[in-house]
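Asks: First to last, the sequence lines map onto chains R and B.
Residue 85 in this note's numbering sits at position 60 of the first sequence; the count goes up by one each step and never skips.
Residue 156 in this note's numbering sits at position 131 of the second sequence; the count goes up by one each step and never skips.
For each residue, glycine too, the CB sits at the ideal point set by N, CA and C.
Computed from a prediction, not measured in an experiment: that's the story for all the values here.
Dropping the structure in here first, questions after.
There are 2 protein chains.
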Amino acid sequence: MSAEVEAKTGLSEFEAQVIGFFCDGVRMLGLPKSIGEIYGLLYVSQEVLSLDDLVSRLGISKGSASQGLRLLRELGAVREFDGVVGRRVYYEPDVELKRLVGGFIKEQVRPHLASGEEKLAKLKAMVGEMPGNAKSDFYAGRLERLGRWSKRARILLPIIQKFLGR
Amino acid sequence: MSAEVEAKTGLSEFEAQVIGFFCDGVRMLGLPKSIGEIYGLLYVSQEVLSLDDLVSRLGISKGSASQGLRLLRELGAVREFDGVVGRRVYYEPDVELKRLVGGFIKEQVRPHLASGEEKLAKLKAMVGEMPGNAKSDFYAGRLERLGRWSKRARILLPIIQKFLGR
DNA sequence: AAGTTCATTCATTTTAAATTGAACATTGAT
DNA sequence: ATCAATGTTCAATTTAAAATGAATGAACTT
Numbered sequence: 026m027s028a029e030v031e032a033k034t035g036l037s038e039f040e041a042q043v044i045g046f047f048c049d050g051v052r053m054l055g056l057p058k059s060i061g062e063i064y065g066l067l068y069v070s071q072e073v074l075s076l077d078d079l080v081s082r083l084g085i086s087k088g089s090a091s092q093g094l095r096l097l098r099e100l101g102a103v104r105e106f107d108g109v110v111g112r113r114v115y116y117e118p119d120v121e122l123k124r125l126v127g128g129f130i131k132e133q134v135r136p137h138l139a140s141g142e143e144k145l146a147k148l149k150a151m152v153g154e155m156p157g158n159a160k161s162d163f164y165a166g167r168l169e170r171l172g173r174w175s176k177r178a179r180i181l182l183p184i185i186q187k188f189l190g191r
Numbered sequence: 026m027s028a029e030v031e032a033k034t035g036l037s038e039f040e041a042q043v044i045g046f047f048c049d050g051v052r053m054l055g056l057p058k059s060i061g062e063i064y065g066l067l068y069v070s071q072e073v074l075s076l077d078d079l080v081s082r083l084g085i086s087k088g089s090a091s092q093g094l095r096l097l098r099e100l101g102a103v104r105e106f107d108g109v110v111g112r113r114v115y116y117e118p119d120v121e122l123k124r125l126v127g128g129f130i131k132e133q134v135r136p137h138l139a140s141g142e143e144k145l146a147k148l149k150a151m152v153g154e155m156p157g158n159a160k161s162d163f164y165a166g167r168l169e170r171l172g173r174w175s176k177r178a179r180i181l182l183p184i185i186q187k188f189l190g191r
């Protein structure tokens, strides 16, 4: 194994700390630790890394690395490095907050919001079926309020994205 | 057991659906399902409820209900109902989005953000100790970027709160 | 086409988080 | 003071989520 291809095996203290920083960050967002490890190592690495680099340097399984990279690609947090590097795929992080937040909102937040709105519509239909009385009025009021929450969220998301996009 | 104190034991289909709605909601925020159940039942109930009401109607343990109510109180999502109702404590939900979001940001988001900034400061100190070279410059740049992310978040939080508070 | 390299899938295992419930306060009533 | 009602704590258990790694597939090489 020649020197320049040799896999670095341990993490420096600094690298480990940066990775820990991202682990905390992604846990706050409800994502698994391995996502933070992978993105963290890419973030702190000057050179692009392959799946096998992630496996060997982080000491995680190939399965974890593969699944983690898939999610990170879906979120737009990493992309394939397009240089002439042979068959193997190398990754680099996207370090623009704008795009990271955009991807998270698009992939993780909006789908939840949408399914919530569907459920809300069904609940409204259920109240519509009920005989009108004090209780059904109370229910209708509560659902209306939920609808306003949902609407606020829909308006807020683009504001957040705009703010973070410079 | 007299009729007006009798514990209602089952949940109506409507109540169950609303509770499910909130379970989904809190999971998105990284909170346990039981939190959604408790808040959901309070939200859909016209009358105030005691810990034992939550236990019997939701079929959860006293421990879960007690811990769940504590967290919800800390978040400002429920408050004690102050009427003359004997020894037992009754709860009602706070249904103002403003306060719910405010409590969540204060209790869940800000502490994470603060601990992240501490870690960032330590990392910057580590880079300061390194001999200056291309790699340490790269590290410094990465950390600077993280600092900007953190700053953005700090500015954004009050904007979100302001927007949701009417 | 047979061998090699690399990535993905998914049934199983492991780990982390949430829930339980018995024991322990605490408070109020008699 | 004793008892009964209510609420909390925390070690043990259960449940849900994440990680593993052998099997599989896909793509290149000779």
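1) DSSP three-state call for R/L181: helix, strand or coil?
2) Assuming R/V43 is part of the beta strand (DSSP E), what are its boundary residues?
3) Are any of the Cβ atoms in chain R nearer than 7 Å to that of B/G55?
4) Would you kindly work out how many angstroms separate the C-alpha atoms of R/V103 and R/Y64, rounded to a whole number?
5) Taking only the alpha-carbon atoms, compute the straight-line gap between B/V43 and R/K176 and give it to the nearest angstrom.
6) Which residue's Cα is closest to the Cα of R/L148: R/E117, R/L76, R/R167 and R/V134?
7) Use the C-beta contact count for R/I184: other C-beta atoms within 10 angstroms, 16 or more gives buried, fewer gives exposed.
8) If you draw a straight line from the C-alpha of R/S27 to the C-alpha of R/G35, how long is it?
9) Tell me which residue opens and which closes the alpha helix (DSSP H) that R/R82 is part of.
10) So, does the CB of B/Q186 fall closer than 7 Å to a CB anywhere in chain R?
11) Round the Cβ separation of R/L97 and R/I60 to the nearest angstrom and send it over; I've been treating them as touching at under 8 Å.
12) Roughly how many angstroms separate the alpha carbons of B/E169 and B/L145, rounded to a whole number?
13) Would a check of beta-carbon distances place R/K87 closer than 7 Å to chain B?
14) Return helix, strand or coil for B/R104, following the three-state DSSP convention.
15) Are the CB atoms of B/L122 and B/L189 nearer to each other than 7 Å?
16) State yes or no: is the beta carbon of R/L79 nearer than 7 Å to at least one beta carbon in chain B?
17) How would you label B/P156, buried or exposed, when you count the other beta carbons within 10 angstroms and need 16 or more for buried?
18) Quick check on B/E99: buried or exposed, where buried means 16 or more other Cβ atoms within 10 Å of its Cβ?
19) Three-state secondary structure (DSSP) at R/E117?
20) Spatial neighbours of R/S161 within its chain, please: C-beta separation below 7 Å, excluding the five flanking residues on both sides.
21) Helix, strand or coil: which one does DSSP assign to R/P156?
22) In three-state terms, what does DSSP make of B/V126?
23) Measure the beta-carbon distance from R/V73 to R/Y115 and round it to whole angstroms, keeping in mind my assumption that it falls under 8 Å.
24) Give me the subset of the segment 113 to 126 of chain B whose CB atoms are less than 7 Å from a CB atom of chain R, sorted by chain position.
25) Kindly list, in the order they appear in chain R, the residues whose Cβ is closer than 9 Å to that of B/F129.
26) Checking 7 Å against the spacing of the C-beta atoms, do B/L76 and B/P118 come in under that value?
27) So the candidates are B/G101, B/A165 and B/R191; which of them puts its Cα closest to the Cα of B/L125?
28) Compare the Cα-Cα distances from B/E38 to each of R/A159, R/Y164 and R/A41 and report the closest residue.
29) Given that R/Y64 touches chain B, what residues does it touch there, using C-beta distances under 7 Å?
30) Given that a residue counts as buried once 16 or more other Cβ atoms are within 10 Å of its Cβ, and exposed if not, what is R/A90?
31) Determine the direct distance from the alpha carbon of B/V109 to that of B/V69, and round the result to whole angstroms.
Replies: Per the coordinate set shown:
1) helix
2) Element bounds for R/V43: not the beta strand (DSSP E) but the alpha helix (DSSP H), E38 to M53.
3) yes
4) 8 Å
5) 18 Å
6) R/R167
7) exposed
8) Only weak support is given to the placement of R/S27: the predicted model assigns it a pLDDT of 38, under 50, and the value that follows is read from those uncertain coordinates. Straight-line Cα distance between these residues: approximately 18 Å.
9) L76 to L83
10) no
11) About 6 Å separates the two Cβ atoms, so the contact holds.
12) 9 Å
13) no
14) strand
15) yes
16) no
17) exposed
18) That one is exposed.
19) strand
20) The residues are V152 and M155.
21) Assignment of R/P156 by DSSP, reduced to helix, strand and coil, places it in the coil class.
22) In the displayed model, B/V126 falls within a helix according to three-state DSSP.
23) The pair is a contact, with the Cβ atoms about 4 Å apart (cut-off 8 Å).
24) V120 and L122
25) Simply none; closest approach about 12 Å.
26) no
27) For the options B/G101, B/A165 and B/R191, the alpha carbon positioned closest to that of B/L125 is the one of B/G101.
28) R/Y164
29) Neighbours of R/Y64 on chain B: none; closest Cβ ~12 Å, over 7 Å.
30) buried
31) 22 Å
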